[in-house]
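For the sequence shown, the numbering used here begins at 5 and goes up steadily by one.
Idealized CB from N, CA, C, for every residue including glycine.
Keep in mind it's a predicted model, so treat the numbers as computed, not measured.
Notes to accompany the following structure.
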Amino acid sequence: MATLTNNYVFKALENYPHDLEEVMEALSFALSYDENNTMALTLMGRVYAEKLYKYEEAISFFKQALAENIYAFEAYVPYVNTLLWNEDYKEAEEFIDFGLTVKGAEKAVLYLKKAILFEQLKEYKKALTFIKLAKEYTFNSDFMTDINVEQERIKGKMPNKKKKGKSSKKDKKQEKKTS
Numbered sequence: 005m006a007t008l009t010n011n012y013v014f015k016a017l018e019n020y021p022h023d024l025e026e027v028m029e030a031l032s033f034a035l036s037y038d039e040n041n042t043m044a045l046t047l048m049g050r051v052y053a054e055k056l057y058k059y060e061e062a063i064s065f066f067k068q069a070l071a072e073n074i075y076a077f078e079a080y081v082p083y084v085n086t087l088l089w090n091e092d093y094k095e096a097e098e099f100i101d102f103g104l105t106v107k108g109a110e111k112a113v114l115y116l117k118k119a120i121l122f123e124q125l126k127e128y129k130k131a132l133t134f135i136k137l138a139k140e141y142t143f144n145s146d147f148m149t150d151i152n153v154e155q156e157r158i159k160g161k162m163p164n165k166k167k168k169g170k171s172s173k174k175d176k177k178q179e180k181k182t183s
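Printed below as a string of structure tokens:
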């Protein structure tokens, strides 16, 4: 029975995201054979979150997968993404913190997600702290590039601080106009 379930899961994975009709059919069959298959539940959650924008339903699928197996690492990132999209920031932070304690979890990815969480909360310095931790736990050059892109985006959002005693050309022009 597990082989049949896995065949349907593989079929769904192979067709995601370009043939959603095929994905849904394969997932329906997979879950009819094994309603607790974490990979099928996770992919179903992704369909609901990423394609249907039904975040509450997606969260339910991710929670079911994680209740079945806390080591269902395939659910971690899409679950966090969905929590962030749904603006469930406290729950996202709690799950990320939990995930960081689980042996075998992708620490770099989770730290990056935590940085994005704080970016969304407009706590840019805190976000950059977690970018630094993500870099520390990255052992992949391609992922390091992704982290650097995220870091630059966050830095670009930080408010510019003006130095005391020095004003910009624009400020000087404004002062002349008001005089």
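Asked	Found
Going residue by residue through the stretch 88-172, where are the continuous alpha helix (DSSP H) segments of at least 4 residues, counting only ones entirely within it?	93-103, 111-124, 128-140 and 145-161
Would you call P82 buried or exposed, if buried means 16 or more other Cβ atoms sit within 10 Å of its Cβ?	buried
Check the C-beta distance from L116 over to A138 and give it rounded, since I have them as a contact under 8 Å.	4 Å
What does the alpha-carbon distance come out to for the pair T9 and P163?	52 Å
Is it the case that the Cβ atoms of A30 and Y12 are separated by a distance below 8 Å?	yes
Using the Cβ count rule (16 or more neighbours within 10 Å means buried), how would you classify R50?	buried
State the DSSP-derived secondary structure class of N40, mapped to helix, strand or coil.	coil
My output table needs one value for L56: the three-state DSSP class, helix, strand or coil.	coil
Beta-carbon separation of I158 and I135 under 8 Å?	yes
Leaving out five residues before and five after A184 in sequence, what residues of the same chain have Cβ atoms less than 6 Å from its Cβ?	Residue 184 lies beyond the range of the chain shown here (5 to 183); nothing can be said about it.
With 8 Å as the threshold, decide whether the Cβ of F99 is near any Cβ in chain D.	Chain labels in this structure do not include chain D; a single protein chain is all it has.
Considering Cα atoms alone, identify which of L47, K55, N90 and L56 is closest to L70.	L47
Report back the beta-carbon spacing between A131 and A119 to the nearest angstrom; my notes put them in contact at under 8 Å.	4 Å
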